[in-house]
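The UniProt record's numbering applies: residue 1 is where the sequence shown begins, and numbers increase by one. A short write-up of the structure that comes next.
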Amino acid sequence: GDICAFVGMPNIAIGETVACKSCPKPLAKIEVEKPTVRMKFLVNTSPFAGREGEFINSRDIKNRLERELERNLALSVEPGQSADEFVVCGRGTLHITILIETMRREGFEFQIGPPSVITSVNEETGAKEEPYEIAIVEAPEEHVGACVDLLGNRSGRMLDMVASENLGTTTIKYRLPTRGLLGLKNHMLTATKGTAVLNTIFDGYDEFGGEIKTREQGSLVAFATGQSTQYALKDVQERGQLFIKPGMEIYEGQVIGIHQRSGDLPVNAAKAKKATNVRSNAEIKVQVAAPKEMSLDDCIEYIAADELVEVTP
Numbered sequence: 001g002d003i004c005a006f007v008g009m010p011n012i013a014i015g016e017t018v019a020c021k022s023c024p025k026p027l028a029k030i031e032v033e034k035p036t037v038r039m040k041f042l043v044n045t046s047p048f049a050g051r052e053g054e055f056i057n058s059r060d061i062k063n064r065l066e067r068e069l070e071r072n073l074a075l076s077v078e079p080g081q082s083a084d085e086f087v088v089c090g091r092g093t094l095h096i097t098i099l100i101e102t103m104r105r106e107g108f109e110f111q112i113g114p115p116s117v118i119t120s121v122n123e124e125t126g127a128k129e130e131p132y133e134i135a136i137v138e139a140p141e142e143h144v145g146a147c148v149d150l151l152g153n154r155s156g157r158m159l160d161m162v163a164s165e166n167l168g169t170t171t172i173k174y175r176l177p178t179r180g181l182l183g184l185k186n187h188m189l190t191a192t193k194g195t196a197v198l199n200t201i202f203d204g205y206d207e208f209g210g211e212i213k214t215r216e217q218g219s220l221v222a223f224a225t226g227q228s229t230q231y232a233l234k235d236v237q238e239r240g241q242l243f244i245k246p247g248m249e250i251y252e253g254q255v256i257g258i259h260q261r262s263g264d265l266p267v268n269a270a271k272a273k274k275a276t277n278v279r280s281n282a283e284i285k286v287q288v289a290a291p292k293e294m295s296l297d298d299c300i301e302y303i304a305a306d307e308l309v310e311v312t313p
């Protein structure tokens, strides 16, 4: 039960045994479940890079990730396609999101890509496999149908359904690929008006479940750099839901909202009205709807394969 410290062994890892040369008998190593999800961490290359962050270059990010590996057993870091890119693997998006939020609060500025699952190959059959999880959802009876549709559309297979007459809720149990859980939480909360409770647990690897569509809508993408104007946004908001409000600085290529249809739509959110001495009542009364507030979790769940999230303090 004594607590002691060893100095001078920089390469020792958690779970390894320090033994005497005369009796080199190692203890049973702690087995940690392998990561199931990966995300790319990149140096921020947007036009607004370096405005807020204290640690912005690849060396700072690399050193911080290496320090995290010393105490975060389930995390692994691999080199990316360039010196400015790192692939961080963890036990689900929440695991990696906690690290991202911690680094953000410490003053780091960087970009992250969308989460993707880590597949494997069955040594016996040679078949491609992916991680699966058990999802348990508790929701009011009137919203169970919406939950069943969401899980079914993501290659989910129902295992059990139990109704609680006293509470007026129903608990459903599904088995589905981890890919199907990416972005599921927000869709489920929207479909159930925030009343559903979702819990998941890892259930091992199984055959690849085929294509899963997690997002049907495109993005509103700014094609001009400048300051967003109310005059421009009043037209843009008719095409979908905005993430920005008038007066915010934007740059070319920035995602500023959700397109109401599939496919991305380039828009000019920095267009200014020409100065004239004529005004109509209709122009004066036009209001821009409040933007959709996006948390870090929301952004990670939303972005597509060709989009990035810019993380700043």
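From the three backbone atoms N, C-alpha and C, an ideal C-beta is built for every residue, glycine too. For clarity, every value in this text was computed on a predicted model and none was experimentally measured.
For Pro177, the closest of Gly210, Lys273, Gly15 and Ala191 by C-alpha to C-alpha distance is Gly210.
Using a Cβ distance threshold of 8 Å, Val221 and Val267 count as a contacting pair. Secondary structure note for Tyr231: it is in no beta strand (DSSP E), and the uninterrupted alpha helix (DSSP H) holding it is Gln230 to Val236. Between Phe86 and Ile56, the C-beta gap is not smaller than 8 Å, which leaves the two residues out of contact.
Judged by their CB atoms, Ile30 and Gly15 are nearer to each other than the 8 Å cut-off. Looking only at Tyr174, Glu142 and Gly218, the smallest Cα-Cα distance to Leu151 is reached by Tyr174.
If you compare the alpha carbons of Cys89, Val255 and Cys4 with that of Gly240, the shortest gap goes to Val255. Taking all protein chains shown into account, Ile250 has 16 or more neighbouring C-beta atoms within 10 Å of its C-beta and is therefore buried.
Ala13 has its alpha-carbon roughly 9 Å from the corresponding atom of Arg71. Take Ile303, set aside five residues on each side of it, and the residues of its chain with a beta-carbon closer than 7 Å to its own are Pro114 and Val309, in chain order. Here the segment 180-196 makes no contact with the segment 227-234; the two share fewer than three CB pairs at distances below 8 Å.
Per the DSSP secondary-structure output, Ser120 pairs in a beta bridge with Glu129. For Leu75, the closest C-alpha among the options His143, Ser82 and Val88 is that of Val88.
His187 and Ser228 have their C-alpha atoms roughly 29 Å apart. Secondary structure at Lys62: helix, using DSSP grouped into helix, strand and coil.
For Pro313 and Leu27, the gap between their C-alpha atoms comes out near 43 Å.
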